[in-house]
Amino acid sequence: MTHDAGGKLIADLDGSVLHLTLNDPDRLNPMDLMVMSEINRHLEQARIDDRVRVVVVKGAGRSFCAGEDVTQGHHWFLDGKAGTFLQGWREKMQQMRLFPKTLIFQVHGWCVGGAVEMALCADFIVCADDSQFMLPQINIGIAAMLEGAIIPQAVGIMRAKKIVMTGRPIDGLEAERIGLVSEAVPAEQLDSRVRELAAEMADKLPAVIETQKDIVHHWMTTDLESSIEHSVLAICRLMADPQVYERMRAVADQHDVGKK
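If you read the sequence shown in the numbering used here, its first letter stands for residue 1063, the second for the next number, and so on.
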């Protein structure tokens, strides 16, 4: 177990699952560029570490994350340096979104502003049914941005407008109903459900996970025909992986035995 970003991030490898815990619970784990940099440093190490197959990001204490640390971020905007500040956030969120292994966000309590945008970089968001998601930027003089661009793809344009233009919170059950999160579970079951999902995903072949994530990324960012063509080429490359070939061979052999 390691403590980084002045103790505000705890990293703990449990078998094939790396747990990253935001650790400033007295302030509901606000984010800043240093914490984001440390998250991405661990993701980069995990990317090349064959022991790691899944990364889980969660928060200590009463909530997942209260969003951007306003004691730091607002100064960039008020000093006319918004572009520099936002470019730093953009690069860090993009690195998270393009991480090639399974990334799970475990959300309880509050998930606010930039924390929602950060969570949308994940492959799975599993939340407590009484958690609260909110994008309040419009009420403090700015607008939702960055990975907030994923919200219309997740929930549809009209629901996305309601979320970002009212700034109202929605609970975990509503977030699941509209497609903002993967699933919502009773708070007392959150830890066990995330462990179960992490174990399930750790059993998948890394090359297949990376390829599937790459294909989904193209589904989200390019046109239909380009996405289809990209997926064909990606699968052809994937079949050159010996582990993938052996897994498919074993499945085919088992099927043949079952037919006899």
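Note that CB positions come from ideal geometry on N, CA and C, so glycine has one too. Note that the structure is a prediction, hence the values are computed from the model and not measured.
Starting from residue i, trace the beta strand (DSSP E) in both directions and tell me its first and last residue.
i            : result
residue 1080 : 1079-1084
residue 1187 : 1186-1190
residue 1301 : Per DSSP, residue 1301 belongs to no beta strand (DSSP E) and is neither H nor E.
residue 1168 : 1164-1169
residue 1199 : From DSSP, residue 1199 is part of no beta strand (DSSP E); its letter is neither H nor E.
Does DSSP put residue i in a helix, a strand or coil?
i            : result
residue 1121 : strand
residue 1072 : strand
residue 1253 : helix
residue 1114 : coil
residue 1088 : helix
residue 1243 : coil
residue 1126 : coil
residue 1096 : helix
residue 1315 : helix
residue 1158 : helix
residue 1204 : coil
If you follow the alpha helix (DSSP H) that residue i is part of, which residue opens it and which one closes it?
i            : result
residue 1276 : 1268-1283
residue 1225 : 1219-1228
residue 1178 : 1176-1181
Does residue i have its Cβ less than 8 Å from a Cβ in chain C?
i            : result
residue 1098 : Given the protein chain composition of this structure (a single chain), no chain C is represented.
Could you check the C-alpha separation between residue i and residue j for me, to the nearest Å?
i            : j            : result
residue 1205 : residue 1225 : 11 Å
residue 1116 : residue 1183 : 14 Å
residue 1278 : residue 1164 : 13 Å
residue 1108 : residue 1077 : 13 Å
residue 1303 : residue 1290 : 21 Å
residue 1244 : residue 1216 : 10 Å
residue 1314 : residue 1231 : 49 Å
residue 1242 : residue 1294 : 29 Å
residue 1276 : residue 1201 : 36 Å
residue 1223 : residue 1292 : 31 Å
residue 1160 : residue 1273 : 11 Å
residue 1283 : residue 1218 : 16 Å
residue 1260 : residue 1254 : 10 Å
residue 1177 : residue 1299 : 35 Å
residue 1111 : residue 1088 : 33 Å
Report the CB separation of residue i from residue j in whole angstroms; it is logged as a contact under 8 Å.
i            : j            : result
residue 1090 : residue 1104 : Their Cβ separation, rounded to whole angstroms, is 21 Å, which puts residue 1090 and residue 1104 out of contact at 8 Å.
residue 1093 : residue 1129 : 7 Å
residue 1097 : residue 1071 : 6 Å
residue 1196 : residue 1229 : 7 Å
residue 1114 : residue 1166 : No, residue 1114 and residue 1166 are not in contact; Cβ-Cβ is about 13 Å, not under 8 Å.
residue 1168 : residue 1252 : 6 Å
residue 1199 : residue 1175 : 6 Å
Should residue i be listed as close to the ligand FMN, given that the test is whether its C-beta is under 7 Å from any heavy atom?
i            : result
residue 1097 : Summarising the ligand content, the structure contains no ligands, and the ligand FMN is consequently not present.
| field | At least 3 beta-carbon pairs within less than 8 Å: the stretch 1183-1202 vs the stretch 1232-1251 | value | The stretch 1183-1202 is in contact with the stretch 1232-1251.
| Three-pair Cβ contact test at 8 Å for the stretch 1147-1156 versus the stretch 1203-1223 | The stretch 1147-1156, when compared against the stretch 1203-1223, does touch it at the 8 Å Cβ threshold.
| message | Is it the case that the stretch 1295-1311 contacts the stretch 1265-1272, given that we only count it when at least three CB pairs across the two stretches are under 8 Å? | response | They touch, by the three-pair rule.
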